[in-house]
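Accompanying notes for the structure given below.
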Amino acid sequence: MATQRREHQHRERGDEGEDVVDLENHRPHPSVLLSSSTTPSPPKKKRGHPFSSASMNETNTGDDGKEQTSHASLKVLCYLLIFIASFVFYEDLLVARVAVRKHFFGLESGVGASQLLGEEEPESDLIDTRTGKLDLNLRHISKRKRERVETIEEHNEKELIDRVGLDKAEEIVEEEQEEKEGAEMALQIEKEEEEKKKREKEEAEARRRIEEEEEETRRKKEEEKKEVLERERREMEEMGRAKEDAKEDEEKKEALEEEEAKKQSEESKSSRDDRNTNNINLGEEPEHFSEKTKEGSYVRATSHYGLSWSPPAPTAPPTPTIPKVVEEAVEIGDSTAISLEDQAPNFDIFTGGALPLSDPEDTPEEHEWRSIGQVMPINGMDLDFPGNLKVAAERRSFRKEIILFVSNRGGNHLAANTVANLRKLGFEHYILITNTAETCYDLLKGPWGVDCGWTSFLQNRAKQMGTFQVTAEEQATPFRLWWVRFHYMERLVGMGYNPMYVDTDVRFEMNPYPLLKSPPFDKFTLFAQDENGHPGGLNIGCVYAQNAPEFGVTRWVLNETVSRMLRIIDTEPPLQKWNGQVAAGAKETLWDQHIFNDVVETAVSGKPVFKRSMQRLIDPGDGNRLRDDWVKNQNYDHSAWDLSMEKIDEKVLPLGLKDVDVRPMKVDDTYEIKSKKFQGLKGFSPTENGKDPNKDEYVCGFPPWFVSGWSGIAGPAQVQGQPGYWTAKPARIVMGHAVGALRKTTTFKGLGWWNYGAEAYKPYKLQNVEEKLGKKGVLGFIGLKTNEANAIVGVESHGLSVARVVEIATSAGRRPISPTVPCDAPWIEKNPSAMHGIMMRHQIVLSQLCGRERNEMCCQSLNFDCDEGVMLEVDFWNDPRYARFRDDIIVVSAKDVVNDSGNEIDLSTIEVKIDSLSQGKKTVFVDLAALEDSSIVPKGVGEAKYVPERDAIFATCDRLDCRPPNKPFPSEHEPCRRVTS
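Reminder that position 70 of the sequence shown reads as 164 in the working numbering, one-by-one numbering, no gaps.
Structural data, given as structure tokens:
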């Protein structure tokens, strides 16, 4: 009604002016709305007659044209701005329009605005009903919605009560509430049912996956079982064939024995000679190599030359007896065989105390071979226990390379020195093999925690080893450790690894792998040190196999070497020599180096060769003539190296080799290489089942600059150790093997090849003596000179000087420094080809590491080199633990020390005298240069008290006790011994 009334009023006022606008029915464009609501309109002028004077004056004004143009431009610009603002702020303008209409025209306009803005309800929540104005506060809008809902609910309840009554209304409300709760409960039940179905579906899917996995596992187990059964069937067939072959061989053997018996009855030879002839029979055809060689098994791939042999029955390794709590591995791959609960003892600083393991010295070019941190420990497992060698190889190898070396308890310090040497090159891919678990435990618990394993190899042949007198473990010929090198090398080659065996007297001067992996060495499959200049004269202190086929000749050489040894010690009755005695001894018929060389010559000639091992059964009398005659009668082919001159990349060669004249070993930029192609036995083709049947295999004798020897090794003296060339800088060799050198530890110290700290693995007895004497300091003598030309007299005189130094120093309460030999002594052997003209093997080692700057030449004694109780002079200048003594030195004249006679020292007063002369210094050197006779240390006389430290030193280091009547005996090459006649 109000709307109709307003419309009527508008129609009545329609003629009063054209500016009246119906705001309800006529909605202008937003731009018009914006202009009418936000832009003030200019005041309207009253309309006059078009021909009035005012109009005419305005029209005739001179600036009318310009003003009209500017007004028009301004209007256009304003309209454009209004249009843009309307487009951008369209929604804001709508809200503003609603507010204006609500403010001026009442609630109805607000309702219209609500509908315009899309509100479903007739009363907009945007409008404050109390004021009738637009309120866009979100909190207020939410409140208004809540109030509107409550109002509607109250209205509905009131209407319901009015319609049906209060009681009925309450019943209806309760029913509605129950229906609502029932609906909610039904919805909850439906939701729970859906979740239950979902869980059941997931569980069913999980069970299905588990069943599939179990089925897959069962299938794999069945396949593995089938493979095992098939393998066992093949092995049974092979065993059956082997038995048939053995039966045929036995029949042949019986026939041969019958024929031999007939010959023996016709000949008038002794039974002893007949037995020897049988033992050296080489006439049988070789047997075929087993296609599937198992770990630890060895085959009869050559003639058995009259020796009966069969593989031993497998036995479990014995349980070691260890004073600590140590459990032996009983499962394959067990790496916790030895407990490391006990830490290294607190070694005294004066007795080879602990030093940190040296850091690597590798260069960027060699960094690709750095294996430190790339391997895992084996912690003392028995490598001969089934499967353990494979696990050890997987843990300790790097790029399929493994370095092997062995040690007994007495050689642990040498093994530790090798570990430190390898570490300097960045190598940790080694397996150190000890003879017992106890020995390995000593290495593990030491200050460097040297990783190792031990071997029970041949322990199941204790009886046979006793028969052949090769059971000694702690001596220079540890039979089992010697043979384990080939035992494990053969198995590792079969697993696809490249094993390198080295003795612990081998020194790596540089990384050998860049050379081994580059031409011409990369084509050779077996290497050994060239000792005598031909393929049958190899030294096995360094042996390396690389890229060898699984069933090739290289592996056969390693396998056959061990097989021959086993066939000898398993003979019944035991193999005997010319004199009827058992062929006993590690360096007789069972010498591993001789057997290896015979097998190598067999492989290069294609004929069975036993010249070195079996000639030991022949009488060596008459200057070995009978043995030489026997070798000639065997008609062995003479083996010789194939020589070639090859160019080698200078980047991988020793730096010091380039400018050395060692023709014909080196001519210009080419180097002599000695190698020989393997032929294999005639009728025996080991590579026919190999991975690469067309691969040629070669044995190479390491060039003398690659693996150099101390002396007596094929090659020029300019790369050997005894003439002094191992001290040349930069190094001329890749590796040095101190074969032939005496007193290896002292020799390595003189050469600078000793890693101090390794002697912590050597048992010491005089810690208390050294600690007591070292607290006050040390005492030594310098300036020894001699004109003695006779070596016997010269060595005896020097030994007496060493003994007198021990007496004088201990009487002074100080630790003695064992003096070096004067390098210019006439009795020292001279050789013009030697580096410094000095060449002596038995008495001295030449060193260039003496003096304060460690650059002076000295000759360290080998006859009297005990380093316990006394301190070697080369140790004084180089051992890091003795820095406190080197930094606190005083030199005093011998004239201030001797008594009035001028050639004797009073032992009763020497302590007071040295203390007064020392001025508090730790180290006192007595200079003998001022004495008339400086060829010997003055004699000590007048002892006033008993000195237990002196007797303890002489008792422990008896080679130092050269006090008369002791002297070097039986020659000048020996230490001092008591001589009674």
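Note that CB positions come from ideal geometry on N, CA and C, so glycine has one too. Fair warning: this is a prediction, and the values are worked out from it, not measured in the lab.
Point to revise | Rounded Cβ spacing between residue 1000 and residue 1036 (contact assumed at less than 8 angstroms) | key: For the purposes of this step, residue 1000 is taken as residue 906 along the sequence shown, with counting starting at 1. For the purposes of this step, residue 1036 is taken as residue 942 along the sequence shown, with counting starting at 1. With a Cβ gap of about 5 angstroms, residue 1000 and residue 1036 count as contacting.
Practice item. At 3 residues or longer, and completely inside the region 896-975: list those beta strand (DSSP E) runs for me, N to C. Key: 909-912, 938-944, 950-955
Review point. By DSSP, does residue 682 sit in helix, in strand, or in coil?
Key: For the purposes of this step, residue 682 is identified with residue 588 of the sequence shown, where counting begins at 1. Three-state DSSP puts residue 682 in coil, outside helix and strand.
Exercise for review: Report yes or no: do the region 628-638 and the region 660-667 share at least 3 C-beta pairs separated by less than 8 angstroms?
Suggested key: no
**Study point:** C-beta atoms of residue 946 and residue 805 nearer than 8 angstroms
**Key:** If you number the sequence shown from 1, residue 946 lands on position 852. If you number the sequence shown from 1, residue 805 lands on position 711. Cβ distance not < 8 angstroms, so residue 946 and residue 805 don't count as in contact.
Review point. In its own chain, which residues sit with a C-beta less than 6 angstroms from the C-beta of residue 970, not counting the 5 before and 5 after it?
Key: Within the sequence shown, residue 970 is the residue found at index 876, counting from 1. Correct list, in chain order: 911, 976.
Review point. Distance, Cα to Cα, residue 1062 vs residue 1034?
Key: By one-based count along the sequence shown, residue 1062 stands at place 968. By one-based count along the sequence shown, residue 1034 stands at place 940. Rounded to whole angstroms, residue 1062 to residue 1034 spans 21 angstroms at the Cα level.
Check your understanding: Under the rule that 16 or more other beta-carbon atoms within 10 Å means buried, what is residue 722, buried or exposed?
Key -> Taking the first residue of the sequence shown as position 1, residue 722 is located at position 628. It counts as exposed.
Exercise for review: Return the Cβ separation of residue 639 and residue 620 in integer angstroms, given the expectation that the two are a contact with Cβ distance under 8 angstroms.
Suggested key: Start at 1 with the first residue of the sequence shown, and residue 639 comes out as number 545. Start at 1 with the first residue of the sequence shown, and residue 620 comes out as number 526. Right, the Cβ-Cβ distance comes to about 5 angstroms (below 8 angstroms), so this counts as a contact.
Exercise for review: Going by CA-CA distance only, name the one from 637, 937, 617, 899 that's closest to residue 625.
Suggested key: Position 531 of the sequence shown holds residue 625. Looking at the Cα atoms, 637 is the closest of the given residues.
Point to revise | 6 angstroms Cβ shell around residue 844 - same chain, five flanking residues per side excluded | key: Counting from 1 along the sequence shown, the entry for residue 844 is found at position 750. Taken in chain order, the residues that qualify are 939, 941, 954, 968.
Point to revise | Candidates 741, 699, 719: closest to residue 734 by CA position | key: Here residue 734 refers to the residue found at position 640 when the sequence shown is read from its first residue. For the residues 741, 699, 719, the minimum Cα distance to residue 734 belongs to 699.
Review point. Could you give the uninterrupted runs of the beta strand (DSSP E) lying entirely in the region 994-1035, keeping only those of 3 residues or more?
Key: 998-1000, 1017-1021, 1033-1035
Review point. What number of angstroms, rounded off, separates the C-alpha of residue 810 from the C-alpha of residue 757?
Key: What you label residue 810 is simply residue 716 of the sequence shown in a count that begins at 1. What you label residue 757 is simply residue 663 of the sequence shown in a count that begins at 1. Distance between the alpha carbons of residue 810 and residue 757: 8 angstroms.
Review point. DSSP three-state call for residue 221: helix, strand or coil?
Key: Residue numbering aside, residue 221 sits at position 127 when the sequence shown is read from its first letter. Residue state for residue 221 is assigned as strand, using DSSP reduced to three classes.
Check your understanding: What residues in its chain sit with their C-beta under 7 angstroms from that of residue 523, if we drop five residues either side in the sequence?
Key -> By 1-based counting over the sequence shown, the position of residue 523 is 429. If we look at residue 523 and ignore the five residues flanking it on each side, its Cβ neighbours are 465, 469, 490, 491, 492, 495, 496, 497.
Point to revise | Range covered by the alpha helix (DSSP H) that runs through residue 610 | key: Numbered from 1 along the sequence shown, position 516 holds the residue referred to as residue 610. Element bounds for residue 610: 607-610.
Practice item. Taking all protein chains shown into account, decide if residue 742 is buried (16 or more other Cβ within 10 angstroms of its Cβ) or exposed. Key: What you label residue 742 is simply residue 648 of the sequence shown in a count that begins at 1. By the neighbour-count rule (16 or more Cβ atoms within 10 Å), residue 742 is buried.
Point to revise | Simplified DSSP assignment, three categories, for residue 455 | key: Residue 455 sits at position 361 when you count from the first residue of the sequence shown. In this structure, residue 455 counts as coil in the three-state DSSP scheme.
Practice item. Count the other CB atoms, across all protein chains shown, that sit within 10 Å of the CB of residue 675; report buried if there are 16 or more and exposed otherwise. Key: Position 581 of the sequence shown, counting from 1, holds the residue named residue 675. With fewer than 16 Cβ atoms within 10 Å of its Cβ, residue 675 is classed as exposed.
**Study point:** Beta-bridge pairing of residue 831 - partner residues as DSSP gives them
**Key:** In the sequence shown, the residue the question calls residue 831 occupies position 737. Residue 831 is bridged to 600, 803.
Review point. What residue from 539, 547, 543, 518 has the CA that sits closest to residue 530's CA?
Key: Reading the sequence shown from its first residue, position 436 is the one you call residue 530. For residue 530, the nearest C-alpha among the options comes from 547.
Review point. Distance, Cα to Cα, residue 992 vs residue 1032?
Key: As a working note, residue 992 is residue 898 in the sequence shown. As a working note, residue 1032 is residue 938 in the sequence shown. One C-alpha to the other measures close to 8 angstroms.
Exercise for review: Taking only runs that begin and end inside the region 675-726, name each unbroken alpha helix (DSSP H) of 4 or more residues, in chain order.
Suggested key: 686-699, 705-708
Exercise for review: Give the straight-line distance between the Cα atoms of residue 801 and residue 658, rounded to the nearest whole angstrom.
Suggested key: For the purposes of this step, residue 801 is taken as residue 707 along the sequence shown, with counting starting at 1. For the purposes of this step, residue 658 is taken as residue 564 along the sequence shown, with counting starting at 1. So the two alpha carbons sit approximately 27 angstroms from each other.
Review point. Taking the alpha-carbon positions, what's the residue 392 to residue 627 distance?
Key: Sequence index remark: in the sequence shown, residue 392 carries index 298 (1-based). Sequence index remark: in the sequence shown, residue 627 carries index 533 (1-based). For residue 392, the predicted structure reports a pLDDT of 45, less than 50, and the residue's modelled location is therefore unreliable. A value from the coordinates is still provided. Each residue's Cα considered, the two are about 30 angstroms apart.
Exercise for review: Tell me, to the nearest whole angstrom, how far the beta carbon of residue 964 is from that of residue 1047; I am working on the premise that it is less than 8 angstroms.
Suggested key: If you number the sequence shown from 1, residue 964 lands on position 870. If you number the sequence shown from 1, residue 1047 lands on position 953. Yes, they are in contact, since the Cβ atoms of residue 964 and residue 1047 sit about 6 angstroms apart, within 8 angstroms.
Review point. What does DSSP give as the partner residues of residue 531 in its beta bridges?
Key: For the purposes of this step, residue 531 is identified with residue 437 of the sequence shown, where counting begins at 1. Its beta-bridge partners do not exist; DSSP assigns none.
**Study point:** Beta-carbon proximity of residue 831 to residue 599, cut-off 8 angstroms
**Key:** Translated into positions along the sequence shown, residue 831 becomes position 737. Translated into positions along the sequence shown, residue 599 becomes position 505. Going by C-beta atoms, residue 831 is nearer than 8 angstroms to residue 599.
Practice item. Measure the CB-CB distance between residue 759 and residue 798 and report whether it falls below 8 angstroms. Key: For the purposes of this step, residue 759 is taken as residue 665 along the sequence shown, with counting starting at 1. For the purposes of this step, residue 798 is taken as residue 704 along the sequence shown, with counting starting at 1. Yes. Within cutoff.
Point to revise | residue 736 - partner residues in DSSP beta bridges | key: Here the question's residue 736 lines up with position 642 in the sequence shown. Answer by DSSP bridge pairing, in chain order: 769.
Review point. Near residue 426, which residues of its chain fall below 7 angstroms by C-beta distance, leaving aside the five closest residues on each side in sequence?
Key: Position 332 of the sequence shown, counted from the start, is the residue given in the question as residue 426. At residue 426, the pLDDT of 27 sits below 50, so the modelled position is not reliable; the number obtained from the coordinates is stated separately. If we look at residue 426 and ignore the five residues flanking it on each side, its Cβ neighbours are 480, 481, 482, 485.
Practice item. Could you name the residues of the same chain whose beta carbon sits closer than 8 angstroms to that of residue 331, not counting the 5 residues immediately before and after it, in chain order? Key: The count along the sequence shown starts at 1 and reaches residue 331 at position 237. Counting only Cβ-Cβ distances below 8 angstroms, and skipping sequence neighbours, we find nothing.
Check your understanding: Where does residue 814 land, buried or exposed, given buried means 16+ other C-beta within 10 angstroms?
Key -> The residue labelled residue 814 in the question sits at position 720 within the sequence shown. Under this definition residue 814 is a buried residue.
Review point. Rounded to a whole number of angstroms, what is the C-alpha to C-alpha distance between residue 389 and residue 549?
Key: As a position in the sequence shown, residue 389 is number 295, starting the count at 1. As a position in the sequence shown, residue 549 is number 455, starting the count at 1. Because the pLDDT at residue 389 is just 37, under 50, the model does not fix this residue reliably, and the point stays unresolved.
Review point. Where does the unbroken beta strand (DSSP E) through residue 259 begin, and where does it stop?
Key: Position 165 of the sequence shown, counted from the first residue, corresponds to residue 259. Residue 259 -> no beta strand (DSSP E), and no H or E assigned at all.
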